[in-house]
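Inspection log for the structure reproduced underneath, given as structure tokens.
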Amino acid sequence: MDRSLVVDFLREYEGFSPFMIPRELGVEPDDRFVVSIVGPRRAGKTYYLLSIRNKLSKALYVNFEDLRLMGIGYDDLSGDSEGVR
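Residue numbers for the sequence shown follow numbering that gives the first Met the number 0, beginning at 0 and rising by one.
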């Protein structure tokens with residue numbers, strides 16, 4: 000996949016921050032652990048993830064359900080992310 004297409008896609012989502020009602024959930028970001036956010040459909044998992052992302056200085060949101068990312072590989076997302084910001 001052309002890296003410039005990936006960068007353009009990521010820039011599109013860079014400022015994506017829909018209106019959210021703050022929730023009082025007990026999971027805080029910790030870079031030492033991987034945390035899975037699970038729940039039923041339409042329960043607010045994506046919005047919760049976006050609220051966590053907004054608290055972090057370096058975070059990236061990628062919607063892998065977007066058909067433009069079909070065929071994307073690890074090499075397309077890895078490496079220096081400075082070109083995205």
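In this text, a Cβ means the ideal position worked out from N, Cα and C, and glycines have one as well.
In this text, all values refer to a predicted model and were calculated from it rather than measured experimentally.
Notebook entry, point to check: What are the boundary residues of the alpha helix (DSSP H) that ILE51 is part of?
Noted result: 44 to 54
Check your understanding: Buried or exposed: VAL26, going by 16 or more other Cβ atoms within 10 Å of its Cβ?
Key -> exposed
Q. When you compare only the Cα positions, how much space is there between LEU49 and SER16?
A. 7 Å
Subject >> Helix, strand or coil at ARG67 according to DSSP, with G and I counted as helix >> reply: helix
*For GLU64, which option in ASP30, ASP29, PHE8, PRO21 has the closest C-alpha, if you only look at C-alpha atoms?*
PHE8
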